[in-house]
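Here is the structure we will look at.
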Amino acid sequence: MKRSKVLTNSLFAGLTILHLSIAGIAQADPNAGRARTYVPMMDAKFPAMSAKFGMGVTPFNLVFLAFQGFFSSEGIPSSQGLQEAYRNGTVNPQTLVKAAIAMNRLPASSIDDKTYLDRVKSQLDDLTRNN
Numbered sequence: 002m003k004r005s006k007v008l009t010n011s012l013f014a015g016l017t018i019l020h021l022s023i024a025g026i027a028q029a030d031p032n033a034g035r036a037r038t039y040v041p042m043m044d045a046k047f048p049a050m051s052a053k054f055g056m057g058v059t060p061f062n063l064v065f066l067a068f069q070g071f072f073s074s075e076g077i078p079s080s081q082g083l084q085e086a087y088r089n090g091t092v093n094p095q096t097l098v099k100a101a102i103a104m105n106r107l108p109a110s111s112i113d114d115k116t117y118l119d120r121v122k123s124q125l126d127d128l129t130r131n132n
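Just add 1 to the spot in the sequence shown (first one is 1) and you have the numbering used here.
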């Protein structure tokens, strides 16, 4: 009985150490020690691949990405700035869709999709309604 308890405790301790070491490896920064920051490259094939595999940027995802600052390089403000820009008319569904098209996140035909634009507007309305 004592031996099985010792083995169980040893196994548990070993698995804990293994788990912690794997978690540390997964969080390792690929650019540690380098002066430049890691910026993932934009894949120009994303719209075609997303259509092929049925993975699209939903209106919710589009607004969420904007809120998180993903489109800041296209002049779209993030966070509170996005909410203020939408309220004062600087940002609208078309500007978000154009930014996503410019960054290869949506196909160019998205700018003419009235249903998609209406849903983006609805998401922006929801974002600004509560804040």
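Virtual Cβ for every residue (Gly too), placed ideally from N, Cα, C. Predicted, not measured: the structure shown is a model, and the values here were computed from it.
So, residue i versus residue j, is the Cβ gap smaller than 8 angstroms?
i	j	result
residue 101	residue 64	no
residue 116	residue 87	no
If you draw a straight line from the alpha carbon of residue i to that of residue j, how long is it in whole angstroms?
i	j	result
residue 78	residue 85	9 angstroms
residue 119	residue 94	8 angstroms
residue 72	residue 127	19 angstroms
residue 124	residue 61	6 angstroms
residue 83	residue 107	20 angstroms
residue 81	residue 68	8 angstroms
residue 70	residue 76	10 angstroms
residue 90	residue 74	19 angstroms
residue 109	residue 92	19 angstroms
residue 150	residue 114	No statement about residue 150 is possible, as the shown extent of the chain runs from 2 to 132 and does not include it.
Starting from the C-beta of residue i, find all residues in its chain whose C-beta is less than 6 angstroms away, skip the five residues before and the five after it, and write them out in chain order.
i	result
residue 112	98
Is residue i near the ligand NAD, going by C-beta to nearest heavy atom under 7 angstroms?
i	result
residue 71	You won't find the ligand NAD in this model; it holds no ligand whatsoever.
Using a Cβ-Cβ cut-off of 7 angstroms (strictly less than) and excluding sequence neighbours within five positions of residue i, which residues of its own chain qualify?
i	result
residue 121	60, 63, 64, 94, 97 and 98
residue 66	72
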